[in-house]
Structure formats: C-alpha cells, structure tokens
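Structure, as structure tokens:
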Amino acid sequence: SQQGEEDPQALSIQEGENATMNCSYKTSINNLQWYRQNSGRGLVHLILIRSNEREKHSGRLRVTLDTSKKSSSLLITASRAADTASYFCATDAWGNEKLTFGTGTRLTIIP
Amino acid sequence: EAGVAQSPRYKIIEKRQSVAFWCNPISGHATLYWYQQILGQGPKLLIQFQNNGVVDDSQLPKDRFSAERLKGVDSTLKIQPAKLEDSAVYLCASSRNKRGYEQFFGPGTRLTVL
Numbered sequence: 166s167q168q169g170e171e172d173p174q175a176l177s178i179q180e181g182e183n184a185t186m187n188c189s190y191k192t193s194i195n196n197l198q199w200y201r202q203n204s205g206r207g208l209v210h211l212i213l214i215r216s217n218e219r220e221k222h223s224g225r226l227r228v229t230l231d232t233s234k235k236s237s238s239l240l241i242t243a244s245r246a247a248d249t250a251s252y253f254c255a256t257d258a259w260g261n262e263k264l265t266f267g268t269g270t271r272l273t274i275i276p
Numbered sequence: 264e265a266g267v268a269q270s271p272r273y274k275i276i277e278k279r280q281s282v283a284f285w286c287n288p289i290s291g292h293a294t295l296y297w298y299q300q301i302l303g304q305g306p307k308l309l310i311q312f313q314n315n316g317v318v319d320d321s322q323l324p325k326d327r328f329s330a331e332r333l334k335g336v337d338s339t340l341k342i343q344p345a346k347l348e349d350s351a352v353y354l355c356a357s358s359r360n361k362r363g364y365e366q367f368f369g370p371g372t373r374l375t376v377l
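Residue numbers (the numbering used here), protein chains in the order written: chain A, 166 to 276; chain B, 264 to 377.
Here's what the structure looks like:
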C-alpha cells in the first residue's frame, strides 16, 4: 500500500512561476525524501529531510515538513521547462527501513 | 561515478513465460533494491538486499518472483511464470547503506506481458 499521497495529482503552470506540491503520510516517519522522475526514466533524488527538521533548501527547491500534520511540501521556484516531470515523496519509519513511495504529482511547465 | 546499470531496457513476453532482469549497482553501495512501478503509480519495493543478505522481501510474490545478489554486488530478478499483471517497469536502486541515505536509481526495465 502507498504510505504517502501527493496533492495535486497533476499541475500545469507557466514557466517562471512557482510550483508547490504536497505530500501527506499516515504513520510516523524517520525520514522523508523527494524524488523526480522524467518520462521513461529512473528516479532522481532531490532532497532528504529528517523528522527533527522543519525546512531544507537546495537550489530552487524548498521542502518543509510538519510532523504534527503528517505532511510535507515541495516548492520549486522560478520553474523551467526542464522541471516537467513526476515528483514523488517517499518515507521510512522507525522500525521499518523500507522506503515507501507516494502516488506522485505530474508537473507540466508550459513554455 | 558510474550510475546503476540495468538490462535489458525493454522486454516483451507471453504470459506464462519466464524473464530475468539484471542490475549492477554503484560500486561500494551496500544496499540494493528492486522496485515494481505500475503505470501511474509510485514505485513499490519488492526486495531489499544488504550486501548479499535479504533485509525485506515482504512484498515479493514468492510463488513467481525470485531474486539474488551475487557476492553482494550484481543482482538478478526473475519472474517465472509471468502474468499479465506483471506488466510494469522494474527499477533497481542502490544506496551506501540502509535507512537515511538517498537511493540512486537505474533507468529501469519496461516489461510487457501479452
């Protein structure tokens, strides 16, 4: 079963705008990661945030984590056509090292 | 460093046939994963190896799927016999160690079962 659920399922924005994707999960976690998948390719790791962290930045990416609401958000600023991809959150939990992926958000950047 | 290698990239078989996938992880990575990704869904872990031992195979359909990791390096995933619902992309990934490390994914093998 999927632990995480991304929202929205699909998102289309104009190039240059900011894109925000949300991830909700069901059980307490140890770490949360975000991955990007371009069409027909493998996944690429974007960022990892630990349960005791609230925010992390990496280039144009900003991730927040709210463990009280069991949710995370991924913000991509100043979007580019190359950001068109599916984005997945993935969690692992105490006592369960398995990384469980969400259902993904399909992001389309319109040039 | 070289990435995770997988072969073949595409495979088409008839139901009830057998198929095998191969994965070569990043050198030095202790942990290797096989995922199944059905179209429109996130990857689902099938099996996780730590060196050449199995850490988690709770979601591996053991009546038809098998996997091994030879000498803690390369790995093969086999399906025998295949069913229509096995049509998916099979992704191999590796990481330096278990929990808390980013995973590096290969390009995947797209399997179509007719």
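Where a beta carbon is used, it is the ideal one built from N, C-alpha and C, also for glycine.
Cβ-based neighbour list, residue i, same chain, cut-off 6 Å, excluding 5 preceding and 5 following
i, result
"B/Ala283", "Thr339, Lys341"
"A/Trp259", "Asn195"
"A/Arg201", "Val209, Leu211, Ala250, Tyr252"
"B/Leu377", "Glu277"
"A/Ser204", "none"
"B/Asp337", "Asn287"
"B/Tyr273", "Arg373"
"A/Leu264", "Ala255, Asp257"
Closest residue to residue i among the options (Cα-Cα distance)
i, options, result
"A/Ile194", "A/Thr270, A/Gln179, A/Ser204, A/Ser237", "A/Ser237"
"A/Gly267", "A/Ser251, A/Glu220, A/Gly181, A/Lys221", "A/Ser251"
"B/Gly371", "B/Ser358, B/Ile301, B/Lys346", "B/Ile301"
"B/Arg279", "B/Gln366, B/Thr375, B/Pro344", "B/Pro344"
"A/Cys188", "A/Arg225, A/Glu262, A/Ala255", "A/Ala255"
"A/Ala175", "A/Leu240, A/Asn261, A/Met186, A/Gly181", "A/Met186"
"A/Pro173", "A/Ala247, A/Ala246, A/Glu262, A/Leu239", "A/Leu239"
"A/Thr242", "A/Glu170, A/Glu180, A/Gly169", "A/Glu180"
Where residue i meets chain A, residues with beta-carbon distance less than 8 Å
i, result
"B/Leu308", "Lys263, Leu264, Thr265"
"B/Leu354", "Gly207, Leu208"
"B/Phe312", "Per Cβ cutoff of 8 Å: no residues; B/Phe312 is ~12 Å from chain A at best."
"B/Pro370", "Arg206, Gly207"
Same chain, Cβ closer than 8 Å to residue i, neighbours up to 5 away in sequence not counted
i, result
"A/Ile178", "Ala184, Ser244, Leu272, Thr273, Ile274, Ile275"
"B/Val318", "Thr294, Gln311, Phe312, Lys361"
"B/Gly369", "Gly266, Val267, Ala268, Gln269, Cys286, Leu354, Cys355, Ala356"
"B/Lys325", "none"
"A/Glu170", "Cys188, Ser189, Tyr190, Gly267, Thr268"
Proximal residues of chain B, C-beta to C-beta of residue i below 8 Å
i, result
"A/Arg239", "Contrary to the premise, residue 239 of chain A reads as Leu rather than Arg in this sequence. Chain B residues near A/Leu239: none, gap ~14 Å exceeds 8 Å."
7 Å CB neighbourhood of residue i in its chain, flanking five on each side removed
i, result
"B/Gln322", "Lys307, Leu308, Leu309"
"B/Pro271", "Thr372"
"A/Glu182", "Ser244"
"A/Lys221", "Ile212, Ile214, Val228"
Under 9 Å from the C-beta of residue i: neighbouring residues of chain B
i, result
"A/Gly269", "Gly303, Gln304, Gly305"
Residues that residue i contacts on chain A, provided the C-beta gap is smaller than 9 Å
i, result
"B/Val318", "Glu262, Lys263"
Meets three-Cβ-pair contact criterion under 8 Å: the region 345-363 of chain B and the region 290-309 of chain B: Cβ pair count under 8 Å is three or more, so yes.
Interfacial residues, the region 186-201 of chain A to chain C, with Cβ spacing under 9 Å: No chain C is part of this structure, whose protein chains are labelled A and B.
contact_flag[the region 224-237 of chain A, the region 199-215 of chain A] where n(CB pairs < 8 Å) is 3 or more: Judged by Cβ distances under 8 Å, the region 224-237 of chain A makes contact with the region 199-215 of chain A, as three or more pairs qualify.
Contact between the region 306-315 of chain B and the region 325-332 of chain B (3+ Cβ pairs under 8 Å): Flag = yes, the region 306-315 of chain B and the region 325-332 of chain B touch.
Runs of beta strand (DSSP E) lying entirely within the region 317-368 of chain B, each at least 3 residues, in chain order: Secondary structure in the region 317-368 of chain B: the beta strand (DSSP E) runs of 3 residues or longer, each lying completely within the stretch, are 328-332, 338-342, 351-358 in chain order.
In chain order, each beta strand (DSSP E) run of at least 3 residues that lies wholly inside the region 184-209 of chain A: Taking 3 residues as the minimum length, the beta strand (DSSP E) runs contained wholly in the region 184-209 of chain A are 184-190, 196-202, in order along the chain.
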